[in-house]
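*Asks:* Let me begin by handing over the structure; questions about it come next.
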Amino acid sequence: MVYKSLRYAIAVTFTVCSSNYLANDLLAIMKYAVTVFAALLLVGVSAFPFSNYNDVELNELDRDIIEFYELIPLDKLQEVVDDHYDDPELHKSLKYLTTDRFHNLMYAVEDLPEFQKYVLYLQEAGYNMIRDLKLTHEILGMKDYVPPNSTTENFMVERKKGGGLNGYIDDLMKILPTEEIRALHEKKVKESPAFAKYKAALSAPEFEEINIALFSQKPVIRLLVIANIHGVNFIKINIFKQKVLGFFD
395 MVYKSLRYAI AVTFTVCSSN YLANDLLAIM KYAVTVFAAL LLVGVSAFPF
445 SNYNDVELNE LDRDIIEFYE LIPLDKLQEV VDDHYDDPEL HKSLKYLTTD
495 RFHNLMYAVE DLPEFQKYVL YLQEAGYNMI RDLKLTHEIL GMKDYVPPNS
545 TTENFMVERK KGGGLNGYID DLMKILPTEE IRALHEKKVK ESPAFAKYKA
595 ALSAPEFEEI NIALFSQKPV IRLLVIANIH GVNFIKINIF KQKVLGFFD
């Protein structure tokens with residue numbers, strides 16, 4: 395299970411990092427595998443250019459999203475990784491995600507009709523949520539994800555810098571090139587039908603209703619609270635993902 399997670403992390407490392415020494419030094423690759431694994435958790439599968447990875451096919455929205463993440467300066471990203479790769483609290487949080495306790499919380503949420511409606515809505519909006527969930531299940535060593543049938547109808551606890559995944563996210567947010575992201579966001583809304591459709595779907599009243607229904611469910615609340623206790627703040631992760639795509643500064 396852990397090796398399977400590292401396999402994905404290493405694949406991402408080779409794809410995203412252009413530094414030659416990473417490709418030549420196995421120890422360096424393993425050093426960054428954990429933080430890249432964390433990055434995969436943060437940004438989702440769509441943000442990584444897996445075009446040469448047989449299990450993943452990219453759509454137009456995937457390619458739009460990749461362009462946003464390519465704006466993140468690699469030199470500053472390198473500094474953040476260096477600061478956090480050996481953080482024991484970060485390792486502890488990521489290890490928790492591979493446990494049966496966390497998996498059972500996820501299964502309870504995924505069984506909810508409200509979650510299934512959430513997945514199908516994003517799928518229809520052009521974001522391949524089903525693919526992300528399938529790969530996430532494999533990365534975390536969970537049972538295979540079963541997509542819903544198409545007819546299926548305050549947790550923000552701040553931690554100090556260096557405090558695990560939350561500190562990692564905080565530092566990543568600081569290096570985001572907000573002006574470039576804003577410019578690319580405006581360009582994509584005008585020029586990319588896939589991105590424009592996705593933005594319209596996220597701002598639609600129907601999606602707000604879906605979110606309210608989903609996040610009022612006890613299994614979801616339990617997942618958010620318990621995961622946050624273990625240093626995995628899904629609210630903050632979602633905020634980071636939206637900031638990278640320019641949905642808010």
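Per the working numbering, residue 395 is the first one in the sequence shown, and the count goes up by one each step.
Note that CB positions come from ideal geometry on N, CA and C, so glycine has one too.
Small disclaimer: the values here were computed from a predicted structure and weren't measured.
1) Suppose the cutoff is 8 Å on Cβ atoms and the five residues either side in sequence are ignored; what does the same chain contact list for A595 look like?
2) Please classify I604 as buried or exposed, where buried requires at least 16 other C-beta atoms within 10 Å of its C-beta.
3) Using 8 Å as the limit for Cβ to Cβ distance, is P571 near chain D?
4) Quick check on the DSSP output: the alpha helix (DSSP H) that includes S610 runs from which residue to which?
5) For K511, which option in A607, K470, L455 has the closest C-alpha, if you only look at C-alpha atoms?
6) Starting from the C-beta of F641, find all residues in its chain whose C-beta is less than 8 Å away, skip the five residues before and the five after it, and write them out in chain order.
7) From which residue to which residue does the alpha helix (DSSP H) around H497 run?
8) Do the segment 475-487 and the segment 608-618 meet, that is, are 3 or more Cβ pairs less than 8 Å apart?
9) Between which residues of its own chain and P571 is the CB-CB distance below 8 Å, once the five residues before and five after are set aside?
10) Determine the burial state of R525: buried for a count of at least 16 other Cβ atoms within 10 Å of its Cβ, exposed for fewer.
11) Compare the C-alpha of Y501 against each of A588, P542, F462, Y463 and name the closest.
12) In this structure, does DSSP put N632 in helix, strand or coil?
13) Between E508, K637, D469, I459, which lies nearest to I563 when the distance is taken from Cα to Cα?
14) What whole-angstrom Cβ distance do V474 and I569 have, given they're in contact under 8 Å?
15) Give me the Cα-Cα distance between A577 and E454, rounded to the nearest whole angstrom.
*Replies:* Short version:
1) Correct list, in chain order: Y515, L516, E518, A519, G520, F601.
2) Result: buried.
3) In the structure shown, chain D cannot be found, because there is only a single protein chain.
4) Where S610 is concerned, there is no enclosing alpha helix (DSSP H), given that its DSSP letter is neither H nor E.
5) Nearest of A607, K470, L455 to K511, Cα basis: A607.
6) Spatial neighbours of F641 in its own chain (CB-CB distance under 8 Å, excluding positions within 5 residues in sequence) are listed in chain order as H579, K593, L596.
7) Residue range 494-504 is occupied by the alpha helix (DSSP H) that includes H497.
8) No: fewer than three Cβ pairs fall under 8 Å.
9) Result list for P571: L465, I466, P467, in chain order.
10) R525 is buried by the Cβ-count criterion.
11) Among A588, P542, F462, Y463, the Cα nearest to that of Y501 is on P542.
12) Assignment of N632 by DSSP, reduced to helix, strand and coil, places it in the helix class.
13) Distances from the CA of I563 to each of E508, K637, D469, I459 were compared; the closest alpha carbon is that of K637.
14) About 6 Å; that satisfies the 8 Å criterion.
15) Spanning the two alpha carbons is a distance of roughly 19 Å.
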